[in-house]
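Quick note: the sequence shown uses the UniProt record's numbering, first residue 1, plus one each step. Each residue gets a CB set at the ideal place from its N, CA and C atoms; glycine is no exception. From a predicted model like this one, the values you see are computed outputs, not experimental measurements.
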Amino acid sequence: MDEFATADAAEGGPVPDALKALFNDADGVKVQPLPCALPDEKSMGVHFTAGARTVPHRHENGQHLVITDGIGIVADENAVHIVRAGDVVTNPPGGWHWHGATPTTAMSHVTVEGEDAGLDLDVEQRDWESSYSSDLGA
């Protein structure tokens with residue numbers, strides 16, 4: 001049977017303890033489990049308040065992001081990219097990246113990734129701090 005849900009920050013809950021290290025400010029993030037009938041995949045809505053973002057990380061099996069609200073950032077090995085509602089980003093398996101809200105604007109996305117995401121936080125920080133200026137996304 002088909003399952004339906006709406007990605008909505010009001011429906012999100014606190015970041016699970018197992019994922020708190022993924023965020024610079026876990027209190028500024030809400031996570032919303034979403035239905036996903038795809039084999040071996042899971043989906044969730046992630047809602048970032050202004051200034052909240054992930055730390056650099058990799059997913060062994062990659063990650064697919066659909067930006068649903070606001071203005072945010074997805075940074076990869078090549079650049080810091082400004083994203084807006086409607087943008088779709090695919091991070092390849094093992095690709096270094098980070099993502100979240102701009103310093104002044106909230107952002108929400110839906111993620112689809114492997115049930116066992118193979119999340120790796122033990123990666124280089126690179127320019128994570130220096131590339132996040134106060135006017136980013138303005």
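For alanine 5 versus leucine 34, is the C-beta distance shorter than 8 Å? A contact, by the Cβ cut-off of 8 Å.
Would you identify the three-state DSSP class for glycine 100, choosing helix, strand or coil? Per DSSP, reduced to three states, the secondary structure at glycine 100 is strand.
Could you compute how far the alpha carbon of aspartate 25 sits from the alpha carbon of glycine 72? Rounded to whole angstroms, the separation of the alpha carbons of glycine 72 and aspartate 25 is 15 Å.
Identify, in the order they occur along the chain, each residue of the same chain with its Cβ nearer than 8 Å to the Cβ of glutamate 41, setting aside the five sequence neighbours on each side. Excluding residues up to 5 positions away in sequence, Val112, Glu113, Gly114, Glu115 lie with their Cβ nearer than 8 Å to the Cβ of glutamate 41 in the same chain.
Rounded Cβ spacing between glycine 100 and arginine 58 (contact assumed at less than 8 Å): Contact flag wrong, Cβ pair sits at about 16 Å.
Nearest-angstrom beta carbon gap, glycine 12 and glutamine 32 [assumed within contact, 8 Å]: By a beta-carbon distance limit of 8 Å, glutamine 32 contacts glycine 12. Their separation comes to about 4 Å.
Using the C-alpha atoms, what's the distance from aspartate 2 back to glutamate 77? Distance from the CA atom of glutamate 77 to the CA atom of aspartate 2, rounded to whole angstroms, is 37 Å.
Can you list, in chain order, the residues of its chain with a C-beta nearer than 7 Å to that of glycine 28? Leave out the 5 residues immediately preceding and following it. If we look at glycine 28 and ignore the five residues flanking it on each side, its Cβ neighbours are Phe48, Thr49, Gly51, Ala52.
Just to confirm my understanding: we take leucine 65, look at its own chain, exclude 5 residues before and 5 after, and list those with CB closer than 6 Å. What are they? Shown here for leucine 65: same chain residues with a beta carbon closer than 6 Å to its own, the five before and five after excluded, namely Val89, His109, Thr111 in chain order.
Assuming glutamate 60 and proline 93 form a contact by the criterion Cβ under 8 Å, report the distance between their Cβ atoms to the nearest whole angstrom. Between proline 93 and glutamate 60 the Cβ distance is about 6 Å, and since that is below 8 Å, they are a contact.
Tell whether a beta-carbon distance below 8 Å holds between aspartate 69 and methionine 44. Cβ distance not < 8 Å, so aspartate 69 and methionine 44 don't count as in contact.
Which one of Thr104, Val15, Val80 has the shortest CA to CA distance from residue 159? Outside the displayed span of the chain (1 to 138) sits residue 159, for which this structure offers no information.
DSSP has aspartate 130 in a bridge; who is on the other side? For the sequence presented, residue 130 should be read as serine rather than aspartate. DSSP, once it has assigned bridges, lists no residue as partnering serine 130.
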